[in-house]
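Below you'll find the structure, written out as structure tokens, and then a few comments.
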Amino acid sequence: MATSAVPRWKTAITNALAEYEKSTGMLAYTGPELMDRSLAVFQLASIDPTAPVPHVRSHLFREFVTPSSRPSLPLVLTTTDIRTPKAAQIISNPHVELAWWIEGTQEQYRISGLASAIPAPTNSLYKHFLHNLEHAAPNSAVAILKGENFDWEAQRNESFRKMSAYMKATWCRPTPGIPLQGGEEEAKKWPVKLEEPGEDADEETKKNWETALGNFALLIIDPIEVDYIEFSVVPNRRTRFWRTSDGSWEEGALVP
Numbered sequence: 047m048a049t050s051a052v053p054r055w056k057t058a059i060t061n062a063l064a065e066y067e068k069s070t071g072m073l074a075y076t077g078p079e080l081m082d083r084s085l086a087v088f089q090l091a092s093i094d095p096t097a098p099v100p101h102v103r104s105h106l107f108r109e110f111v112t113p114s115s116r117p118s119l120p121l122v123l124t125t126t127d128i129r130t131p132k133a134a135q136i137i138s139n140p141h142v143e144l145a146w147w148i149e150g151t152q153e154q155y156r157i158s159g160l161a162s163a164i165p166a167p168t169n170s171l172y173k174h175f176l177h178n179l180e181h182a183a184p185n186s187a188v189a190i191l192k193g194e195n196f197d198w199e200a201q202r203n204e205s206f207r208k209m210s211a212y213m214k215a216t217w218c219r220p221t222p223g224i225p226l227q228g229g230e231e232e233a234k235k236w237p238v239k240l241e242e243p244g245e246d247a248d249e250e251t252k253k254n255w256e257t258a259l260g261n262f263a264l265l266i267i268d269p270i271e272v273d274y275i276e277f278s279v280v281p282n283r284r285t286r287f288w289r290t291s292d293g294s295w296e297e298g299a300l301v302p
């Protein structure tokens, strides 16, 4: 049965995170210093454009971004460094899949969809996001958010400011994945914390802030299919959700 309401898989994720907050008194994923990172971590796989080889890495779930006019179309929002190889992989082939195990509720989610990296507008890779906006499917969340004049640069800045000072500093490091020059002694010279500079901040702090914000990028995943398994019930329950061409969702039961 098709529906334009909030998809049941998203409600299940939201409830699982809310249940954790209720039982522990800790925030599940809002505010890096307070959240239980293990709960908010999922694994994201992309394809190397130079060979048909998948690459997987851990990501922190930040929030859902949903068009106000279409609650059935939530985007999964995470963040990344635009210099990482995954950015080039996703630009070359936006088809990705994430796997998310939520321990507290004994649930597994596998979400397949199309990903887009959103760097600073001054970054040379920003043109690829503009291309994705221009060619987004009419009933996709990306297209509808564009019609609602959603401000992605404001979202990027807000997401960066929500990071802890320790997390912000990681975007000041050399390009992730390149050989470490100078060994651990050189790494000790990297900034450890990065606070937003005030008017009286020194030039180095201002420069580090601009560098970090310039390397910081949003990563959005537009779900197309979700495989949801509930291991806390006996017998286990497995449901496949798929998005239809009109932007609604259908679901069917599978053998666990």
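According to this note's numbering, the sequence shown is numbered sequentially starting from 47.
Glycine is no exception: its CB is placed at the ideal position from the N, C-alpha and C atoms.
Source: prediction; values computed, not measured.
Residue nearest to Leu-121 in terms of C-alpha spacing, selected from Gly-150, Tyr-155, Ser-162: Position 75 of the sequence shown, counted from the start, is the residue given in the question as residue 121. The option with the nearest alpha carbon to Leu-121 is Ser-162.
Could you tell me how far apart the beta carbons of Ile-137 and Leu-171 are, in whole angstroms, since I believe they sit closer than 8 angstroms? Sequence index remark: in the sequence shown, residue 137 carries index 91 (1-based). Sequence index remark: in the sequence shown, residue 171 carries index 125 (1-based). With a contact defined as Cβ atoms closer than 8 angstroms, Ile-137 and Leu-171 qualify at about 7 angstroms.
For Gly-298, name the three-state secondary structure that DSSP assigns. Taking the first residue of the sequence shown as position 1, residue 298 is located at position 252. The answer is strand: DSSP assigns Gly-298 an E or B state.
Proximity to Cys-218 [Cα-Cα], best of Asn-203, Gly-228, Trp-255, Arg-283: Reading the sequence shown from its first residue, position 172 is the one you call residue 218. The closest CA to that of Cys-218, considering only Asn-203, Gly-228, Trp-255, Arg-283, is found on Trp-255.
For Ile-157, which residues of its own chain have a beta-carbon under 6 angstroms away from its beta-carbon, when the five flanking residues on both sides are left out? Taking the sequence shown and counting its residues from 1, one reaches residue 157 at position 111. Around Ile-157: Leu-144, Pro-269, Val-272.
Below 8 angstroms between beta carbons: does that hold for Ala-258 and Ala-133? On the sequence shown, residue 258 is found 212 positions in, with the first residue counted as 1. On the sequence shown, residue 133 is found 87 positions in, with the first residue counted as 1. No, they are not a contact pair.
Is the stretch 179 to 199 touching the stretch 85 to 92 in the sense that three or more CB pairs, one from each, lie closer than 8 angstroms? By the criterion of at least three beta-carbon pairs nearer than 8 angstroms, the stretch 85 to 92 is not in contact with the stretch 179 to 199.
Can you determine whether any heavy atom of the ligand NAD sits closer than 7 angstroms to the C-beta of Ala-211, and answer yes or no? Among the components modelled here there is no ligand, and therefore nothing to report on the ligand NAD.
Run through DSSP, which three-state label would Gln-379 get? The chain is shown only over 47 to 302; residue 379 falls outside these bounds and no answer can be derived.
Measure how close the beta-carbons of Phe-277 and Glu-149 come, nearest whole angstrom, since I'm counting them as under 8 angstroms. Indexing the sequence shown from 1 puts residue 277 at position 231. Indexing the sequence shown from 1 puts residue 149 at position 103. Separation of the CB atoms of Phe-277 and Glu-149 is rounded to 10 angstroms, and the pair is thereby denied contact status at 8 angstroms.
Pro-78 to Asn-282 span [Cα, whole Å]: Residue 78 sits at position 32 when you count from the first residue of the sequence shown. Residue 282 sits at position 236 when you count from the first residue of the sequence shown. At Pro-78 the pLDDT is 41, less than 50, meaning the model places this residue with poor confidence and gives no usable figure here.
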